[in-house]
Every structure is written in C-alpha cells, then in structure tokens.
Amino acid sequence: MATTTTEVTATAVRLVDIHKTYPGREPVHALRGVSLELAAGSVTAVVGQSGSGKSTLLNCAAGLDTPSRGAVVVGGHELTVLRPDDLTRFRREHVGFVFQAYNLIGHLTARENVRLPLALAGRAVDLVWESALLELLGVADLMDRLPGELSGGQAQRVAIARALITRPAVVFADEPTGALDSRTGAAVLDVLSETARRLGQTVVVVTHDATVAAAAERVVVLADGLVVDHLERPTAEQVTARLLAKGR
Ligand SMILES: Nc1ncnc2c1ncn2[C@@H]1O[C@H](COP(=O)(O)OP(=O)(O)OP(=O)(O)O)[C@@H](O)[C@H]1O
Ligand SMILES: [Mg+2]
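Numbering (my numbering), first residue to last: 22 to 269.
And the structure:
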C-alpha cells in the first residue's frame, strides 16, 4: 500500500451490495446484498436474530473475511482489491476489533495484552495516549494483573483498550458485551462511544441486547442476510419491538 495515513472522509465505512455465500454441498447465502454507509465518528449497532448474518457482515467490513461479491471501502481504501499482506497491514493500522470472548491472552498481563497490537506492528508505545486510554476505561490500576484475575466487565474494558491502543479509525465489535449483564454491557458501550467521540472514531457493534443497542446512535436491523430497517436513536423498547416484529 502506498500510503499509511488515514484519509479523512465523511463516510468511514461503505459496503456496496455485499454478498457472502459459504460454499458447501448446500451453500449458505449469509449476506444477500447489503449496502451501508457509516459516517465517520458514528456509533452503529447491528442487531438481528441468530444466523441473520451479523458476524459475517462485521467480518467482511473489517477485512477479516472476504465477501463473495460487492465492495468494502474503509477510510477510502477498497479492501476487496488489497492483496492479503496489504490487507493485514491495513487492518493493523486502521481497524480495531473487539471479540465477544475478550480473547485476552491468559499468560500475559493486562498491560502486555493492551500493548500486543503495537508489538505485532513493531510500533512504539505512546505512553501519554496509553495512560489517557486506561484512565478513560477505568483500568489503569489493573495493568499488572493476569486476565484470570479480572471481572468480565474489567476484562472487556482491557480488550477495548487493546483494540484502541493503535488509534484505529474504525472499531468493530462483535457481541463485545455478550458475556456481561445488560447494565454492564451498556456501560461498556458507553465507554466505547465516549472514546470514539473523543477520537473521532467510527464504531460498529453487533449485539443481541436491546439496551446495549439503544446506546448507539443508529441501529441497523439485519434479517436473513439483508438490512431490513434502520432506527435512529431508538429506545431499548423500540429495538425490542422491532426485533419481535413479524415480517423480519
Ligand atoms: N464458516 C461458515 N461456513 C458455513 N456457513 C456459515 C459459516 N459462518 C456462518 N455461516 C452461516 O451463515 C449464516 C450467518 O451466520 P452469522 O454467523 O453471520 O450469523 P449471526 O447473525 O452472527 O448469528 P449469531 O447471532 O448466532 O452470532 C448462518 O446461517 C450461519 O450458519
Ligand atoms: Mg454472530
């Protein structure tokens, strides 16, 4: 890739008619033509029934998986035309990912976990940024602990610090609050939104939880591989009603 600077674009993530078919004896059409535009600095939740294609969508948007058809443009770069090496580098530089199960490495301290993406990219630690981030997430005092010595909410906040340490332009989170109760989950999403706002980051979060979804500015409803609705600043009740509605 010729440039490593983040382009300033009004649209941070653009998906154009994404299709994803998992091959096999009976191919699964997980995404059947999804188009989405996410404004830079926006926080979007993706909701939908189990199997509706949420993880597939997130993985394609983050460059962790390749769509069968369609274009994924992140920060002005079209991911679908990058070679694997360039895609890996792009992800390291511009994208943060938070997983449901934290994926912290058990024998590394919280601090070593947080710094791992920098170590992998051969980048120096920005101590000022690191300490600001840890303060904001409320985990500064936990850095010498092992992941097994943290509560679920603490572990997830450490995982978020790890995703944000490289200051990625876009943060994708797949059920980051899935192992937490609704209140802790919404609090974790609030922290994610707050850092995003301060950093001008774009956040996309998959969740089953209507309370968590309602903490986002926009909720995209997925059903059977298609976007079937957009809700702007919905309440948790509106998200729940939409998820329970017939004709998904
Ligand atoms: N690697 C794979 N190979 C074959 N089919 C897959 C694969 N991954 C997902 N699928 C199928 O694609 C569809 C969408 O799956 P996906 O994981 O995106 O759903 P989801 O909305 O994230 O569900 P959940 O809420 O349960 O996590 C499902 O029918 C699933 O069985
Ligand atoms: Mg999923």
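Virtual Cβ for every residue (Gly too), placed ideally from N, Cα, C.
Quick caveat: nothing in here was measured; it's all calculated off a predicted structure.
Inter-residue spacing [alpha-carbon to alpha-carbon] between residue i and residue j
{"i": "Asp-147", "j": "Ala-194", "result": "23 Å"}
{"i": "Leu-125", "j": "Leu-79", "result": "20 Å"}
{"i": "Glu-58", "j": "Gln-222", "result": "15 Å"}
{"i": "Val-242", "j": "Thr-228", "result": "11 Å"}
{"i": "Leu-158", "j": "Val-212", "result": "7 Å"}
{"i": "Gln-259", "j": "Thr-198", "result": "20 Å"}
{"i": "Glu-253", "j": "Gly-127", "result": "39 Å"}
{"i": "Arg-166", "j": "Ile-181", "result": "16 Å"}
{"i": "Val-4", "j": "Ser-152", "result": "With the chain represented from 22 up to 269, any question about residue 4 goes unanswered, as that position is not in the structure."}
{"i": "Arg-188", "j": "Thr-216", "result": "10 Å"}
{"i": "Asp-86", "j": "Glu-156", "result": "33 Å"}
{"i": "Ala-161", "j": "Ala-66", "result": "27 Å"}
{"i": "Leu-100", "j": "Ser-71", "result": "26 Å"}
{"i": "Pro-280", "j": "Leu-137", "result": "Examination of residue 280 is not possible in this model, given that the chain is present from 22 through 269 alone."}
{"i": "Leu-163", "j": "Pro-48", "result": "46 Å"}
{"i": "Ser-214", "j": "Arg-46", "result": "42 Å"}
{"i": "Val-116", "j": "His-98", "result": "12 Å"}
{"i": "Ser-172", "j": "Thr-130", "result": "14 Å"}
{"i": "His-251", "j": "Gly-74", "result": "16 Å"}
{"i": "Arg-204", "j": "Leu-264", "result": "19 Å"}
{"i": "Gly-54", "j": "Leu-36", "result": "9 Å"}
{"i": "Val-94", "j": "Ala-140", "result": "27 Å"}
{"i": "Asp-202", "j": "Asp-230", "result": "9 Å"}
{"i": "Ile-39", "j": "Leu-154", "result": "34 Å"}
{"i": "Tyr-43", "j": "Ser-56", "result": "19 Å"}
{"i": "Gln-175", "j": "Val-209", "result": "9 Å"}
{"i": "Thr-261", "j": "Glu-196", "result": "17 Å"}
{"i": "Pro-255", "j": "Ala-60", "result": "18 Å"}
{"i": "Leu-220", "j": "Val-179", "result": "18 Å"}
Option in the options with minimal Cα separation from residue i
{"i": "Val-248", "options": "Ala-180, Gly-69, Tyr-43", "result": "Gly-69"}
{"i": "Ala-33", "options": "Arg-90, Ala-235, Val-242, Val-225", "result": "Val-225"}
{"i": "Asp-41", "options": "Ala-257, Leu-264, Asp-245", "result": "For the sequence presented, residue 41 should be read as Lys rather than Asp. That would be Asp-245, whose Cα lies nearest to the Cα of Lys-41."}
{"i": "Ala-31", "options": "Ser-63, Leu-185, Asp-230, Glu-133", "result": "Ser-63"}
{"i": "Arg-113", "options": "Ala-122, Ala-131, Arg-144", "result": "Arg-144"}
{"i": "Phe-118", "options": "Ala-60, Pro-255, Ala-82", "result": "Ala-82"}
{"i": "Ala-142", "options": "Ile-186, Leu-220, Val-240", "result": "Ile-186"}
{"i": "Glu-133", "options": "Val-149, Pro-168, Leu-108", "result": "Pro-168"}
Span of the alpha helix (DSSP H) around residue i
{"i": "Thr-223", "result": "Element bounds for Thr-223: not the alpha helix (DSSP H) but the beta strand (DSSP E), 223-227."}
{"i": "Ala-153", "result": "148-158"}
{"i": "Phe-111", "result": "105-115"}
{"i": "Ala-257", "result": "257-265"}
{"i": "Glu-215", "result": "203-220"}
{"i": "Val-135", "result": "131-142"}
{"i": "Ala-231", "result": "231-234"}
{"i": "Ala-182", "result": "173-185"}
Delimiting residues of the beta strand (DSSP E) encompassing residue i
{"i": "Leu-243", "result": "239-244"}
{"i": "Leu-52", "result": "49-60"}
{"i": "Thr-32", "result": "32-43"}
{"i": "Ala-66", "result": "64-69"}
{"i": "Ala-82", "result": "From DSSP, Ala-82 is part of no beta strand (DSSP E) but of the alpha helix (DSSP H) over 75-82."}
{"i": "Val-102", "result": "From DSSP, Val-102 is part of no beta strand (DSSP E); its letter is neither H nor E."}
{"i": "His-251", "result": "247-253"}
{"i": "Phe-193", "result": "191-195"}
Anticipated Cβ contact below 8 Å, residue i with residue j, distance rounded
{"i": "Phe-120", "j": "Gly-84", "result": "About 15 Å; that fails the 8 Å criterion."}
{"i": "Val-191", "j": "Gly-96", "result": "7 Å"}
{"i": "Ala-184", "j": "Ala-207", "result": "Not really, about 18 Å apart at Cβ, beyond 8 Å."}
{"i": "Thr-77", "j": "Leu-103", "result": "That belief does not hold up - the Cβ atoms of Thr-77 and Leu-103 are roughly 19 Å apart, past 8 Å."}
_Contact set, ligand 1 heavy atom to C-beta under 6 Å_ = Taken from the N-terminal end onward, the list reads Tyr-43, Val-49, Ala-51, Gly-69, Ser-71, Gly-72, Ser-73, Gly-74, Lys-75, Ser-76, Thr-77.
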